[in-house]
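Undergrad: Its first residue numbered 1, the sequence shown is counted upward by one per residue in full-length UniProt numbering.
Just so you know, even glycine gets a beta-carbon here, dropped at the ideal spot from N, CA and C.
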Amino acid sequence: MENYNGMGPGESWPLSWTPVEKSPVKRNKDYSYLLLPSELMIAEGLAVVLVNMDIAGTVLVTNYRLIFIGEDGKVVPLGTIPLGTIENAQLSTVKGPQSTPRNAARVGYRGPIRHLLEVVGKDMRKIAYCFRPNSEQRESVFKAMTKFLLSPTLWDLYAFSSGLPPAFQSGDPMSRLHAEYTRILTGTDNKTDGPTNTSGSMRSSTPVKPGKSWWRISEVNLGYTMCATYPSRLIVPCSVSDEDIQQVMSFRARARIPAVVWRHGGNGAVLARSAQPLVGFLHSTRSPCDEKLLAGLCPPLGGSSSPPRKLYVADARPRTNAIANGALGGGTESPAHYPHIEVVFLGIENIHFMRESFTKLRDYLDTHGSASSDGSSSLLRAGDWAWGGASASSMASAVTALGQSGWLYYVHTILSNAAWIAGRVVMEGASVLVHCSDGWDRTTQLISLAQILLDPYYRTFRGFQALVEKDWLAFGHPFADRLGVPTFTGGNYTVEGLGHTPSESSAPVRNGPSSAFASSAPGAVRVTNNNESPVFLQWADCVAQLIRLYPRAFEFSLAFLVEFFDSVLSCRFGNFLCNSEKERVQANISDSTADIWTYLEKARSGGRAQHEHYNMLYEAGKHTGALLPPAAALTPSLWTEFYLRWSCPYGLNFKGCMPTGWGQGGDIENEARKSARSMSVLKTGKERAEMKLLEAQITKLALEEQLKAERQQKLAAITEAGQAQQETAALRRVLQAMGCKVRISKAHSGGNYSEGEILYEEDIEDKTDGSPHDQPDVDLNRTEPLAVSILLEGDSTAFHIRRACGVDGALSCSNVQTGDVCKWPQGRCARLGSAFLGLKADFQALQQLSILDCYFDPEHKGSTSSGIATSSQTPVVT
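Below, the structure is given as structure tokens:
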């Protein structure tokens, strides 16, 4: 047994680990379902504890990220971080309390000695993974991680092997920049729902005619021969030639001349940006071409004879810093050499102050969050020890850590100065030139925020993309240096002391307020790039403050900003690699990597307006002009959606219950989005019900039309039946007059109409009493052929044929005995008043018809049937 310094009185812990049964974690498990395209698994650590949340699981190292998988097989977001987002990492052994957290004990950890892999992220995360003692997995995971974390070249980044389809390629950003220039100078909007057109042609020194052709697009930097960090095309006054611009480049730091980035469509004022002038100590150096260029930034307020407008030179630095730069050859403009200008110092500190402030803010959040890297919630940290050994005596000094970090103060300073710039353009109609030392950090923050306040287009998805591509990417913000990733010329990290002897610390991550890993202990990855700074994150924080202040003015939400910045840090996309447009062109970024804008657009297109990237409170017609908030309204608050998502996740350490007492942010928007989703579901159900109702109405109309047609058919059938009934009655009277018998029978095959099975038989002769006749029971739907026979029958003594010819008995014919000759048509039955009156008969055919006596012989009665068809000599009655 051995005592460690810093233990409590009478406390000691064993050095060796007490063996217990190993966790039943399967090796060589297939995790391919978790991997992205072209993502390869490099190393695996089993039975690892995520200290922040006391969760046991497996940690994987791929060529893109560090993945922590819980025992339930699900990815834990807090423990999963892209390698490009990792700022620092180290192996350490720390001393903790005697008691062991439940999940750690269950997978085999005993005693206070903790063997940790500590990771610090650029997204405010501090993660601690605890491995088993005497295990080689911790070092193998660390080495595999640092192999890709310390990529020696740009090409080793995951962005070049992501394997995303060509649909995610970025197209031509320079064409999009030219289109944005045209929109700025002509006042036309690029607000389109479809993809941005990248096929537009570009012309050299294209004159545009806003304000009587005051501006033009110059190609003086085509090929980046004059300035390596500026875009190839610039908006400059028409009064300045390309030769003058070349002279100005030698007078401005890093050849970053004053260039126009935005123009007010109403009053003609412009926003311009540049680097500091090289005036030297006491402004001993002048440049007539530079003075001419600044005079060109002040077009007349009225006609050509009107005096030029005022030009403000907003120097983002503190005055003392500008004077100090003068001693080094830099400085600021002198009103004595530049008429109609006013120099204003905005007092914003440089990148080194911002990096230190960011580190303090991260320490504050880790110390006072509910998912601290020492494994304890700040609400529960009442004893002297937590996982990492943070003592309660240090808590009092951390109460004011947020204010001491200075982060919110810097955010407020930037916001208020951007609002001041926007106010000069709108309220005074003045032009503003913004610069700092190099003109790519503070200048970019101020000039882009001012444009968001001035132009509602930049508050939309398309406009936000155009703004970032123009002011941050094209004008050369050094993303590779500021984010700490390899650039076109090499990497920014080195590794020190990857040995087997880990460092020993009293806390897993918290090593001081100004540096996450200040020591060069063995097993630590230390940052050697002094140019790293959270400049872009600070600008995104300022945009988030404006969304909070004007929730109806922005089309995109805070959730969009969070995912956007995460995607920038991840190195999964190529848009924000390298330090300038020139380097991205040389590296062929647009054709070799996936496009972040296309990815985000496709992500939100699936959810329509209910996607979390859309601001549910946005009203396009609410804020169509400039936003000019007073300085008091710009007092910032902590961007909870980004800063607290890891240190204070919902439900953590509260047994699944959602904790209250801190503002997680976005609650109103989330509730609005839930309501919108519910309304969308109800609207979809309503549309489906309306569709079914419409279909029912269409079916009803069709049935009504069908019923109408059937009624018409019924009427036609009744009419035809009436006609047929009349015809039948007429035929019946004819047959009654003739004394015939009707027989209906089946026809034999072959069309022979001789008698078959008798279906119906009626004796007309017996039904002359005028009584109604029964309808024959015959299936009229039968399809087989039928034979209809008409027969004359008589008995052996006498055969009477009665004819009801008249309306009274006097007109009726007398009985005709067998053998008598009928005198028809001379008989009374054919005379006027007879029932046959009006019938047309072929009497000549009847006269030519021969009737033999043998026809009426009873012996031949079965063979005297005649068919319904008659010969040409048969009398025809119509």
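1. So, residue 159 versus residue 574, is the Cβ gap smaller than 7 Å?
2. Can you name the start and end residues of the alpha helix (DSSP H) that residue 602 belongs to?
3. Is the beta carbon of residue 232 closer than 7 Å to that of residue 256?
4. With burial defined as no fewer than 16 other Cβ atoms inside 10 Å of the residue's Cβ, what is the status of residue 630: buried or exposed?
5. Please go through the stretch 438 to 472 and give each complete alpha helix (DSSP H) segment of 4 or more residues, from N-terminal end onward.
6. Measure the beta-carbon distance from residue 449 to residue 542 and round it to whole angstroms, keeping in mind my assumption that it falls under 8 Å.
7. If you draw a straight line from the C-alpha of residue 54 to the C-alpha of residue 361, how long is it?
8. Report the rounded CA-to-CA distance for residue 879 versus residue 297, giving the unit in angstroms.
9. Run through DSSP, which three-state label would residue 276 get?
10. Rounding to the nearest angstrom, what Cα-Cα distance links residue 346 and residue 138 in this structure?
11. Measuring only the C-alpha atoms, how far is residue 459 from residue 161?
12. Closer than 8 Å by C-beta to residue 624: which residues in its own chain qualify, once you throw out the five before and the five after it? Chain order, please.
13. Once DSSP output is grouped into helix, strand and coil, what is the label at residue 326?
14. Does the stretch 283 to 290 come close enough to the stretch 463 to 473 to have 3 or more Cβ pairs within less than 8 Å?
15. Pairing CB atoms from the stretch 534 to 549 with CB atoms from the stretch 558 to 569, are three or more of them under 8 Å?
16. From 248, 223, 182, pick the residue whose C-alpha is nearest to that of residue 216; which is it?
17. Measure the CB-CB distance between residue 453 and residue 627 and report whether it falls below 7 Å.
18. Expressed to the nearest angstrom, what Euclidean distance is found between the alpha-carbon atoms of residue 338 and residue 295?
19. Just the C-alpha distance for residue 544 and residue 314, rounded to the nearest angstrom, thanks.
20. Looking at residue 277: is its Cβ nearer than 7 Å to the Cβ of residue 342?
21. Helix, strand or coil for residue 358, going by three-state DSSP, please let me know.
22. Please report how far the alpha carbon of residue 168 lies from the alpha carbon of residue 594, in whole angstroms.
23. Assuming residue 44 and residue 58 form a contact by the criterion Cβ under 8 Å, report the distance between their Cβ atoms to the nearest whole angstrom.
24. Determine the contact status of residue 115 and residue 93, defining contact as a CB-CB distance below 7 Å.
25. Within 8 Å, do at least three Cβ pairs link the stretch 420 to 435 to the stretch 350 to 364?
26. Where does residue 271 sit, in a helix, a strand or coil, going by DSSP?
27. Tell me where the beta strand (DSSP E) around residue 126 begins and ends.
28. DSSP three-state label for residue 364, please.
29. Helix, strand or coil for residue 729, going by three-state DSSP, please let me know.
30. Do you know how far the Cα of residue 546 is from the Cα of residue 416?
31. Within this structure, are the beta carbons of residue 443 and residue 435 separated by less than 7 Å?
32. So, using beta-carbon positions, are residue 311 and residue 340 closer together than 7 Å?
33. Got a sec, what are the start and stop residues for the alpha helix (DSSP H) residue 340 sits in?
34. Please classify residue 155: is it buried, with 16 or more other beta-carbons within 10 angstroms of its beta-carbon, or exposed?
35. Comparing C-alpha positions only, which one of 42, 95, 352, 142 sits nearest to residue 86?
36. What is the DSSP secondary structure of residue 214, counted as helix, strand or coil?
TA: Taking the structure as given:
1. Taking 7 Å as the Cβ cut-off, residue 159 and residue 574 qualify as a contacting pair.
2. Where residue 602 is concerned, the enclosing alpha helix (DSSP H) stretches over 596 to 605.
3. Taking 7 Å as the Cβ cut-off, residue 256 and residue 232 do not qualify as a contacting pair.
4. Answer is exposed; the Cβ neighbour count stays below 16.
5. Within the stretch 438 to 472, the complete alpha helix (DSSP H) runs of at least 4 residues are 442 to 454, 461 to 467.
6. With 8 Å as the limit, residue 449 and residue 542 qualify as a contact, their Cβ atoms being about 6 Å apart.
7. Between residue 54 and residue 361, the C-alpha separation is close to 24 Å.
8. Because the chain is modelled from 1 through 878, residue 879 falls outside the range shown and cannot be assessed.
9. In the structure shown, residue 276 sits in coil (DSSP, three-state: anything other than H, G, I, E or B).
10. A straight-line Cα-Cα distance of about 49 Å links residue 346 and residue 138.
11. Between residue 459 and residue 161, the C-alpha separation is close to 33 Å.
12. Taken in chain order, the residues that qualify are 456.
13. When secondary structure is reduced to three states using DSSP, residue 326 falls in the helix class.
14. Taking 8 Å as the limit for Cβ pairs, the verdict is that the stretch 463 to 473 does not touch the stretch 283 to 290.
15. With a cut-off of 8 Å on Cβ pairs, the stretch 534 to 549 is in contact with the stretch 558 to 569, counting three or more such pairs.
16. For residue 216, the nearest C-alpha among the options comes from 182.
17. Closer than 7 Å, so yes.
18. Pairing residue 338 with residue 295, the inter-Cα distance amounts to about 8 Å.
19. Rounded to whole angstroms, the separation of the alpha carbons of residue 314 and residue 544 is 24 Å.
20. Against a cut-off of 7 Å, the Cβ pair of residue 342 and residue 277 comes out as no contact.
21. The answer is helix: DSSP assigns residue 358 an H, G or I state.
22. Distance between the alpha carbons of residue 168 and residue 594 is about 5 Å.
23. Right, the Cβ-Cβ distance comes to about 7 Å (below 8 Å), so this counts as a contact.
24. A contact, by the Cβ cut-off of 7 Å.
25. Judged by Cβ distances under 8 Å, the stretch 350 to 364 makes no contact with the stretch 420 to 435, as fewer than three pairs qualify.
26. Look at residue 271 here: in three-state DSSP terms it is strand.
27. Its beta strand (DSSP E) spans residues 126 to 131.
28. Judged by DSSP in its simplified three-state form, residue 364 adopts helix.
29. Residue 729: helix per DSSP, three-state reduction.
30. Per the coordinates, the alpha-carbon of residue 416 lies some 11 Å from the alpha-carbon of residue 546.
31. Yes, these two residues count as a Cβ contact at 7 Å.
32. Yes, Cβ-Cβ distance for residue 311 and residue 340 is below 7 Å.
33. Looking at the DSSP string, residue 340 is not in any alpha helix (DSSP H), and its letter there is neither H nor E.
34. With fewer than 16 other CB atoms across the displayed protein chains lying within 10 angstroms of its CB, residue 155 is exposed.
35. Comparing Cα positions, the closest option is 142.
36. In the displayed model, residue 214 falls within coil according to three-state DSSP, outside both helix and strand.
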